[in-house]
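The opening position of the sequence shown corresponds to residue 1 in UniProt numbering, with each subsequent residue numbered one higher.
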Amino acid sequence: MRVLIVDDERLARAELRRLLAAHPEVTIAGEAVNAAQAIEQVAQLRPDVLLLDVQMPGASGFDLLQALDDPPEVIFTTAFDRYALQAFEVNALDYLQKPIQAPRLAAALQRAARRLSLHPLPAAAAAPRQLFIKDGERCWFVETGRIRLFESDGNYARVYFDAERPLLLRSLNQLEERLGPRFVRASRKHLVNLDHARTMTAGDGGALVLEMTDGMRVEVSRRRAAALRSAGL
């Protein structure tokens, strides 16, 4: 299990290294002192797990997750308890409050091992299996298979999954490049998950309309219709 330590405090990083030394199954892939450095380290080192502080100079731990296309599993390590609910809303493995206790860290690492065995990391060129979405104070880790569609909203994309409609700071072009062949543009405004598309029919005035599994109807541009028809719609 490859772990990246992200914390702006040198003593906190040293303490985590000391605690991790008791776990031979763990390799410390590296350290980062802020979110910008962590983004580079994640891309270069491809860790399985982040030991992630919340409050850091500049961007927070939550801001870091939002900037990653395919975040690793996360164990939060922080001196504050007020972020705990937000951490579990994003499906973090655990939320460890400093000073970190060895048994709590051991339990979190065991959870990480179980989750990673069920969801092995994708190859470098593969589409991400989940997205981190931060909309105001609310955060989610969302498996891409649960996302029905993305809708362009200025510089953002509105994400449709379950009963949620948060905004993600990504363009449809960026998302289309990263998400793989199951996500297809229906128009300049919509990127749809083919697994959640039901039928494509002619609407009023001859316009093509794609009906999603939740009943939502999405207008399809004629230029994009061929790609959807080739998918069997």
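Cβ coordinates follow ideal geometry from the N, Cα and C atoms, glycine included. It should be emphasised that the depicted structure is a prediction, and the values quoted were computed from it without experimental measurement.
query: Excluding sequence positions up to five away, which residues of its chain have a Cβ less than 7 Å from the Cβ of Arg-170?
result: Taken in chain order, the residues that qualify are Ala-157.
task: Quick one: measure Cβ to Cβ for Met-1 and Val-49, integer angstroms, because I've assumed they're closer than 8 Å.
output: Your pair Met-1 and Val-49 checks out as a contact, with CB atoms roughly 6 Å apart and the cut at 8 Å.
task: Figure out for me which residue from Leu-167, Leu-52, Arg-46 has the closest Cα to the Cα of Glu-137.
output: Checking every option, the nearest Cα to that of Glu-137 belongs to Leu-167.
query: With a CB to CB cut of under 8 Å and the five nearest residues on each side skipped, what residues in its chain are close to Gly-203?
result: So the list reads Val-209, Arg-217, Glu-219, once near-sequence residues are dropped.
task: Could you have a look at Asn-193 and say whether DSSP puts it in helix, strand or coil?
output: Reduced to three states, the DSSP call for Asn-193 is strand.
message: According to DSSP, Leu-4 sits in a beta bridge with which residue or residues?
response: Per DSSP, Gly-30, Leu-50.
- request: Run through the UniProt domain "HTH LytTR-type" (131-233) for me and flag every whole beta strand (DSSP E) of 3 or more residues, listed as ranges in chain order.
  value: Counting only runs of 3 or more, we get 138-143, 147-153, 156-161, 183-185, 190-193, 197-202, 208-212, 217-220.
task: Could you have a look at Asp-70 and say whether DSSP puts it in helix, strand or coil?
output: For Asp-70, the three-state secondary structure derived from DSSP is coil.
- prompt: Can you give the Cα-Cα distance for Ile-28 and Val-74, rounded to whole angstroms?
  reply: For the pair Ile-28 and Val-74, the Cα-to-Cα distance works out to about 14 Å.
query: Should Arg-198 and Ser-152 be called a contact, given that it needs their Cβ atoms to be closer than 8 Å?
result: Taking the C-beta atoms as reference points, Ser-152 is found no nearer than 8 Å to Arg-198.
- prompt: Considering only the beta carbon of each residue, do Glu-31 and Ile-5 sit closer than 8 Å?
  reply: Yes, the Cβ-Cβ distance between Glu-31 and Ile-5 is below 8 Å.
query: Around the C-beta of Ala-123, are 16 or more other C-beta atoms found within 10 angstroms, so that it is buried, or is it exposed?
result: Residue placement at Ala-123 is poorly supported in this model, since its pLDDT is 45, which falls under 50; the coordinates are not used for a value here.
Per-residue burial, Gly-154 [other beta carbons within 10 Å of its own, 16 or more giving buried]: Gly-154 should be labelled exposed.
- prompt: Quick check: the segment 93-107 against the segment 137-147, are there 3 or more CB pairs under 8 Å?
  reply: Here the segment 93-107 makes no contact with the segment 137-147; the two share fewer than three CB pairs at distances below 8 Å.
- prompt: If you follow the alpha helix (DSSP H) that Leu-96 is part of, which residue opens it and which one closes it?
  reply: No alpha helix (DSSP H) holds Leu-96; the beta strand (DSSP E) holding it covers 94-97.
- prompt: By Cβ distance, which residues of its chain are closer than 7 Å to Pro-47, with the 5 residues on each side in sequence left out?
  reply: Closer than 7 Å at Cβ, skipping near neighbours: Arg-2, Val-3, Leu-4, Ala-29, Pro-72.
task: Measuring alpha carbon to alpha carbon, tell me which of Arg-223, Leu-96, Gly-58 ends up nearest Ala-207.
output: Ranking the options by Cα distance to Ala-207, first place goes to Arg-223.
field: Inter-residue Cα distance where the pair is Gly-180 and Phe-150
entry: One Cα belongs to Gly-180, the other to Phe-150, and the distance between them is close to 14 Å.
- prompt: Ends of the alpha helix (DSSP H) at Glu-40?
  reply: Segment 35-45, the alpha helix (DSSP H) holding Glu-40.
- prompt: Does the Cβ-Cβ distance between Asp-53 and Gly-61 come in under 8 Å?
  reply: Contact flag set, yes.
task: Pull up the CB-CB distance for Ala-102 and Leu-19, whole angstroms please, since I reckon it's below 8 Å.
output: Separation of the CB atoms of Ala-102 and Leu-19 is rounded to 6 Å, and the pair is thereby assigned contact status at 8 Å.
- prompt: Can you name, in chain order, every residue of its own chain whose Cβ lies under 6 Å from the Cβ of Ala-92, other than the five neighbours on each side?
  reply: Same-chain partners within the cutoff: Val-74, Phe-76.
- request: Find out if the Cβ-Cβ distance for the pair Gly-145, Asp-195 is shorter than 8 Å.
  value: A contact, by the Cβ cut-off of 8 Å.
message: Just to confirm, is the Cβ distance from Leu-51 to Leu-16 under 8 Å?
response: In contact: Leu-51 and Leu-16 (Cβ atoms closer than 8 Å).
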